[in-house]
Each structure stands twice: as structure tokens, then as C-alpha cells.
Amino acid sequence: MGTIRQFIDDWRQRFRDAGIEDARLNVELLVAHVLGVSRGGVKARLDESLDLVHEAAIETLCDRRLSREPIDYILGEREFFGRKFQVQPGVLIPRPETEQIIELAQSQLPADTHGWAADIGCGSGALAVTLALEFPRLRVLATDLQPIPLVVTRRNAVTLGVADRVFCVRMDGLSAVSPAPLFDLIVSNPPYVTPQDYPTLQPEVRDHEPQEALVGGVGGVEIIERQIGEVAVRLKAGASCYFEHGMEQGSELRDAAARAGLAQPHTEKDPAGRDRILVARRLPMDFFALVTLEFDDSVDSISRAMFAERLAEYSWRKVPGGWVIELEARSRHGREGMVENQLQLACQYARFERGALKATVKFTDEEPSQA
């Protein structure tokens, strides 16, 4: 029976030999967990002897870690935004970089914001529960396709005192929610690993965390792009959405957000300078533009219909002679640029050249009468 110091030194070397990063930290956390003390408490007792019961219990946990089981699963918890969240196999372990979504939301929304937020693919509930804690008047819909994340999210909501404002529902994305502008904020840390990259992940991730929470389909963006489409019609006017993504997916997802009719899509970088979070918003109806369209004879009726369908996705509703389009830019120049951008996107969707279309744009601060 040796001292705690000897035990830690022995297992630190074993972890290092196995390729485990932060070997000493891992051992100290496991020792602290079994002894029921902090890491500081462990360091204060390094020269004390371990009794056989505690030594056996710690060795059992160390063997699990040696097999590359994530230490967060072994400890049963992970810190997120300064709070401890329960985790277990079957839920994605919260990452520090995901905290940036909360910080971005705080930078754009007042703390007393009330209404509804949604967390798509809630996992442990780190985002959903933290939003409820940081915005005390906000109610949060937490969705996931798998049952275990919903159970864990509910448990964390109860433990952290927001069970009355976090609602856990099993569904794919927001598919079971009415396609109406209901939400003041939507967040997601969706699957975004490509099938090709999945085998190269660390064993802790690849062999233990749920694959369905990691792999995002073709190019790693298939699931996110579908979610963006669902989100675009469910945000309130002026509301924003935040999607975490891979560091090489920013441009593709900004385009997807623009195609879905979301405004100002841009990418926020993480502290390491890598593309990390897509931010986009639904335009407020601050003023209106009446657009009348004339097509060149070369544009067939099918292409015209496709164009009209696409333009309608950017529009609030059809009015006599054109469409009411939601805009945000304050200056006339900015308004014209926004209309041109939306018409150009619609032309690309309909697969005909911009020159085949003439658009007359009339701006007004008054809402046009409905047909």
C-alpha cells in the first residue's frame, strides 16, 4: 500500500504510454472523485497512504480511462458555462467552444428577453438549460431524436432549477413544430463531422460518444442545411439563430442560410481563429419594397414559376403587381442592394440569367394593401 503521490505517478506514466493527454490531470481527477475531495485536497494529501478499498476503487476507474473511455463519462459530469452538467454514454459531452453560442446570444439579447427559444439536438441540455438560466424569462424547447439526451436534459434542468421553463420533446429537428414564426432565438450544436473524418477522431470520441450526434451526413453539412431550412420559417422577425459547425464549413453554410431567406449570415470565429458558429437572422418588417417583375420571352413558364416560388420564400406575402419583401437596410442604397441580392439569389435558384428579368422596385414606409 503506497502513498497517493506514488499512485498518481504510476498511473500518470501508464496514461502517457497509452497516448492519453493531460495524464496527471486525469489521474488526479479520478483520485479526487473517489476520495470525495477537490484536486487541491488531493495535492494536500500526497504523502498519505491509500487504503485498499479506495485504491481498488480508483484503479477500477483508471482502467476504464486506460481503455479510452472519456473521463467525463467516468465522473458523470462536465462543466459548462461555470456549471456542472450530468453526462453519460448516449449524450454528446459539452465542449468549451460551444459556450460561445451563449456569449453571442447574450451580446444580442437583453437579459430580460421573454418568449421562446429552441435548442435543436439538445444532448446533455447544456445549451437549453444555460439559456434558461441566463435569460430568466425565456422558455426553451429542447429537442432530440434520441431518448437518452432528453432524459439527461430533463435531469439537468431539474438539478439546476429551471425544469419549469425547459421543455423536452422527442422530434427530428423542429419537424413537429408548426412552420410559423414562434421563436425569439434558436441554437444548435448539430452533427457536422464528415463520414470520411469520423474514423480519424480520438478514440474517446469515436468509440464512446454517440455517432448520430457527431456525423452530419454528406460533407458534414447535410443535417445542418436541413435544420437551417426548418429554422428560417420558425424565427420571429428580427430573431437570430446560431449553429456550431466545422472549421471548413463556414462558406457553404452562409450560402445555405442565404438560400433559406435568412439575412446577414456570417461566421463567428473561435478563440483559435477558426470558423466555428454560423449566425443569421430573420429580417424585421421595418419597411417594404413593392417589386414588379417583367420576364424576357426566353424565360419559360416553368422557370417563371420556380422563380416566383423562390422569391416567395424571401417575401412576406404577395400584393397587387408584385411582392412585399422584408428588408433591413436603413438607407435607400442599402435597400436597393438588398433587393438586388434577393433577386439574384432567386435567379440562381430558377437557373436563368439576371438579364432575362427586369424589376421595378418602389420603396414605401407604408404597408401595401393586400389583394
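Counting in our numbering, the sequence shown runs from 214 upward without gaps.
By construction, the Cβ of each residue, glycine as well, lies at the ideal position given by its N, Cα and C atoms.
To which residues of the same chain is residue i closer than 6 Å at the C-beta, ignoring the five residues directly before and after it?
i: Gly459; result: Tyr405, Gly433
i: Thr273; result: none
i: Ala339; result: Phe293, Phe298, Pro307
i: Glu443; result: Gly386, Leu387
i: Ile441; result: Ala469, Ala470, Ala473
i: Arg378; result: Ala345, Arg352
i: Met384; result: Thr356
i: Pro362; result: Val304, Cys335, Gly336
i: Leu615; result: Because residue 615 is not part of the residues shown, which for the chain are 214 to 584, the question remains open.
So, at 7 Å on beta carbons, what are the nonlocal neighbours of residue i in its own chain, with the 5 sequence-adjacent residues on each side left out?
i: Arg218; result: Leu259, Asp260
i: Ala231; result: Leu279
i: Pro360; result: Arg383
i: Asn239; result: Phe228, Ile233, Arg278, Ile284
i: Glu163; result: Residue 163 is absent from the structure shown; the chain starts at 214 and stops at 584.
i: Leu317; result: Tyr455, Glu481, Ile490, Val492
i: Gly430; result: Ile436
Below 8 Å on the Cβ atoms is my guess for residue i versus residue j; work out the distance and round it to an integer in Å.
i: Thr366; j: Cys335; result: 5 Å
i: Ala236; j: Arg252; result: At roughly 14 Å, the Cβ-Cβ gap does not stay under 8 Å, so Ala236 and Arg252 are not in contact.
i: Arg419; j: Pro412; result: 7 Å
i: Ile437; j: Ala330; result: At roughly 18 Å, the Cβ-Cβ gap does not stay under 8 Å, so Ile437 and Ala330 are not in contact.
i: Glu347; j: Ile315; result: 6 Å
i: Glu394; j: Lys482; result: A quick correction: the sequence has Pro, not Glu, at residue 394. Incorrect: roughly 29 Å between the Cβ atoms, too far for contact.
i: Pro283; j: Glu457; result: With 8 Å as the limit, Pro283 and Glu457 do not qualify as a contact, their Cβ atoms being about 19 Å apart.
i: Gly451; j: Asp488; result: So it is not a contact: roughly 25 Å between Cβ atoms.
Could you tell me which of the options sits nearest to residue i, measuring between CA atoms?
i: Ala426; options: Asp223, Gly386, Val371; result: Gly386
i: Gln319; options: Val382, Ser453, Ile441; result: Ser453
i: Ala245; options: Ile271, Pro362, Asp510, Ser401; result: Ile271
i: Val446; options: Lys482, Asn402, Val390, Pro283; result: Val390
i: Pro376; options: Leu358, Glu268, Thr480, Val353; result: Note on identity: in this sequence residue 376 is Ala, with Pro being the wrong assignment. Comparing Cα positions, the closest option is Val353.
i: Phe396; options: Ala355, Thr480, Pro416; result: Ala355
i: Asp382; options: Ala370, Leu358, His267; result: Residue identity differs from the one stated: residue 382 is Val in this sequence, not Asp. Residue Leu358 is the option with its Cα nearest to Val382.
i: Pro309; options: Gln301, Arg467, Arg296; result: Arg296
i: Val364; options: Leu248, Arg281, Gln301, Leu265; result: Gln301
i: Val255; options: Pro349, Arg281, Val266, Ile221; result: Ile221
i: Ile333; options: Leu322, Phe380, Arg368; result: Phe380
i: Asp264; options: Val247, Cys275, Asp276; result: Val247
i: Glu268; options: Leu243, Arg281, Gln415; result: Leu243
Who are the near neighbours of residue i in its chain, counting only those whose CB is closer than 8 Å to its CB and skipping five residues on each side?
i: Ser262; result: Met214, Gly215, Thr216, Ile217
i: Val428; result: Pro404, Val406, Thr407, Pro408, Tyr411
Given the structure, does residue i come close to the ligand ADP, in the sense that its CB is under 7 Å from one of the ligand's heavy atoms?
i: Gly249; result: Of ligands this structure carries none, so the ligand ADP is not represented either.
Stretch pair the segment 460 to 477 + the segment 487 to 497: three plus CB contacts closer than 8 Å: The segment 460 to 477, when compared against the segment 487 to 497, does touch it at the 8 Å Cβ threshold.
Stretch-stretch touch, CB-based, cutoff 8 Å, three pairs: the segment 321 to 329 with the segment 282 to 290
Too few Cβ pairs lie closer than 8 Å, so no.
_Ordered list of alpha helix (DSSP H) runs contained in the segment 279 to 348, each at least 4 residues_ = Runs of the alpha helix (DSSP H) inside the segment 279 to 348: 284 to 288, 312 to 321, 339 to 347.
query = What runs of the beta strand (DSSP E), each 3 residues or longer, lie entirely inside the segment 381 to 449?
reply = Scanning the segment 381 to 449 from its first residue to its last, the whole beta strand (DSSP E) runs of 3-plus residues come out as 396 to 401.
Please give me, in chain order, every unbroken run of the beta strand (DSSP E) with length at least 3 that falls completely inside the segment 220 to 289.
Within the segment 220 to 289, not a single complete beta strand (DSSP E) segment reaches 3 residues in length.
Item to check | Minimum length 4: unbroken alpha helix (DSSP H) runs contained in the segment 445 to 489 | outcome: Those alpha helix (DSSP H) runs which fall completely within the segment 445 to 489 and span 4+ residues are 463 to 472.
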